[in-house]
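Okay, structure first, notes after.
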Amino acid sequence: MVTMTIESLVSELRSFVGITRKRSIGDMLGYFPDISDKVIADFGEDAAVIDNGDEVLLLAADGIWSVLMDADPEWAGYCAVLVNVHDIAAMGGTPIAMVDVLSVNSPEVTDAVLRGVKRGIEKFGVPIVGGHLHPDTPYSALDVAILGKARKDGVILSSTAEPGDSVVVAVDLDGTVHPSFRINFDSTSHKDRETLARQISSMRALGERKLVTAGKDISNPGMLGTLGMLLETSGVGAVVDLDAIPVPESLNLVDWMKMYPGMGFVVTTRDPSEVVDVFGKHGLSAARIGRVIEERRLEVVKGEERAVLFDFERDRVTGIN
Numbered sequence: 007m008v009t010m011t012i013e014s015l016v017s018e019l020r021s022f023v024g025i026t027r028k029r030s031i032g033d034m035l036g037y038f039p040d041i042s043d044k045v046i047a048d049f050g051e052d053a054a055v056i057d058n059g060d061e062v063l064l065l066a067a068d069g070i071w072s073v074l075m076d077a078d079p080e081w082a083g084y085c086a087v088l089v090n091v092h093d094i095a096a097m098g099g100t101p102i103a104m105v106d107v108l109s110v111n112s113p114e115v116t117d118a119v120l121r122g123v124k125r126g127i128e129k130f131g132v133p134i135v136g137g138h139l140h141p142d143t144p145y146s147a148l149d150v151a152i153l154g155k156a157r158k159d160g161v162i163l164s165s166t167a168e169p170g171d172s173v174v175v176a177v178d179l180d181g182t183v184h185p186s187f188r189i190n191f192d193s194t195s196h197k198d199r200e201t202l203a204r205q206i207s208s209m210r211a212l213g214e215r216k217l218v219t220a221g222k223d224i225s226n227p228g229m230l231g232t233l234g235m236l237l238e239t240s241g242v243g244a245v246v247d248l249d250a251i252p253v254p255e256s257l258n259l260v261d262w263m264k265m266y267p268g269m270g271f272v273v274t275t276r277d278p279s280e281v282v283d284v285f286g287k288h289g290l291s292a293a294r295i296g297r298v299i300e301e302r303r304l305e306v307v308k309g310e311e312r313a314v315l316f317d318f319e320r321d322r323v324t325g326i327n
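Residue 7 is where the sequence shown starts when you use my numbering, and the numbers rise one by one after that.
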């Protein structure tokens, strides 16, 4: 068995496709003029925040990675619902409804994708109310957009972390690596709807109690990649203790850091013990894993070892800051 060094972990993550494929996002922003005074927050957030009186509307979209679609269309359909619901939850919101765009040329793929979508709808209780079908494309693709809502004073942004905050992660460790896609940890498909609703509502509880300064759901870049996105958009850095990270017994740290965890969030807070307690009461394993610093870099520490994963003066995850 090869012993992990902190340098090998950093090298693996810096070249991990879940992180590297995010780099071009920031280059696109110049094409989208800011023309509405109703938009409170947009690029760099898990969902756009749109003023709607006493509440805000939350609007997000996700396209399923072609590699996942090719590997397992049914799992891809399920994940399309899962990731969109998480985007709204991460903002402290409640999902309302979704629309989808399905591009296919095979009845078998169509059926598999829609079986997965149906399972996701049943698990998370969020309907698909319309969309668009391309029945004759030379490729298979699934894109889903979601609408949600939140209290205006309970919205959680990912661009508002501050030096001195603690970094807390929360995940559901009760799951397995998906057999069709080795960088997906399935912690949701075997859970009942009530359990998932309780876990998802943890972020809304934190937002409405104003217990977090920033937050994101853990997505394809993995736990540290997602934290990197949060730090980059907030214009800050962090020091993370790798030994403090909750890890499933069946996985090593390197593989876990490249895993989409299914149910997981990373937040910053001034009250880490209370945040950990809230997550625990909602059925998630949570821990304080680090602190936010003024210097714009993400450092990782393991015992006496220390290394820089991202130096945001030179590196980029998304390029949004």
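Backbone N, C-alpha and C fix where the C-beta goes; we use that ideal spot for every residue, glycine too.
Let me know the secondary structure DSSP gives T275 once reduced to three states. strand
Under the DSSP definition of a beta bridge, which residues are partnered with T100? K155
Span of the beta strand (DSSP E) holding D171? From DSSP, D171 is part of no beta strand (DSSP E); its letter is neither H nor E.
At which residues does the beta strand (DSSP E) containing S291 begin and terminate? S291 to I299
My understanding is that D93 touches D68, with C-beta atoms under 8 Å, so please give their C-beta distance in whole angstroms. 7 Å
Straight-line gap, L217 to M209 (C-alpha atoms, nearest Å): 10 Å
In angstroms, rounded to a whole number, what distance separates the CA positions of M7 and N258? A caution first: M7 carries a pLDDT of 43, below 50, which makes its placement in the model unreliable, though a value can still be read off. Those two C-alpha atoms are separated by around 11 Å.
Out of A151, V260 and L65, which one is the CA nearest neighbour of V107? Checking every option, the nearest Cα to that of V107 belongs to A151.
Grab the span of the alpha helix (DSSP H) containing A67 for me, first residue to last. Per DSSP, A67 belongs to no alpha helix (DSSP H); it is in the beta strand (DSSP E), E61 to G69.
Taking three-plus beta-carbon pairs below 8 Å as touching, is the segment 126–138 in contact with the segment 73–82? no
State yes or no: is the C-beta of L6 within less than 9 Å of the C-beta of S193? A question about residue 6 goes unanswered here, because the residues of the chain that appear run from 7 up to 327.
Beta-carbon proximity list for G325, same chain, < 7 Å, skipping 5 on both sides: So the list reads R29, I31, G32 and D33, once near-sequence residues are dropped.
Between A66 and N90, which are expected to be in contact by the criterion C-beta below 8 Å, what is the C-beta distance as a whole number of angstroms? 6 Å
Cβ pair V45, V87 closer than 9 Å: no
Going by CA-CA distance only, name the one from T232, V260 and F271 that's closest to T26. T232
Which value, in whole angstroms, describes the spacing of the CA atoms of S279 and D52? Put simply, the backbone Cα of S279 is about 25 Å away from that of D52.
Tell me the DSSP secondary structure of R125 in three-state form. helix
Among R320, F318 and A313, which has the Cα closest to the Cα of E18? Of R320, F318 and A313, the residue nearest in Cα terms is A313.
Relative to the C-alpha of D321, which candidate in V307, G181, E311 and R303 has its C-alpha closest? R303
What's the C-alpha gap between E310 and E114? 53 Å
For M7, which three-state DSSP category applies? The pLDDT assigned to M7 is 43, lower than 50, so where the model puts this residue is not dependable; a value taken from the coordinates is nonetheless given after this. Note: M7 maps to coil in three-state DSSP.
Name the DSSP bridge partner or partners of A244? V298 and L304
Short check: CB of V174 to CB of A95, under 9 Å? No, the Cβ-Cβ distance between V174 and A95 is not below 9 Å.
Are the CB atoms of E61 and R204 within a distance shorter than 9 Å? The answer is no: Cβ separation not under 9 Å.
For I12, tell me which candidate among I295, I134, V260 and G221 has the shortest Cα-Cα distance. The option with the nearest alpha carbon to I12 is V260.
Within 10 angstroms of its Cβ, does H196 collect 16 or more other Cβ (buried), or is it exposed? exposed
Quick one: what's got a C-beta closer than 6 Å to W262's C-beta in the same chain, skipping five residues either side? V253
For S207 and E214, the rounded distance between their alpha carbons: 11 Å
Could you give the distance in angstroms between the alpha-carbon of V4 and the alpha-carbon of K155? Within the shown structure, residues of the chain are numbered from 7 to 327, placing residue 4 beyond reach of any answer.
Write down every uninterrupted run of the alpha helix (DSSP H) in the segment 167–235 whose length is 4 residues or greater and which is fully enclosed by it, in chain order. 199–206 and 208–214
Relative to the C-alpha of L202, which residue among F285, E301 and N111 is closest? F285
Closer than 8 Å is the cut-off here; do at least three beta carbon pairs connect the segment 163–172 with the segment 230–245? yes
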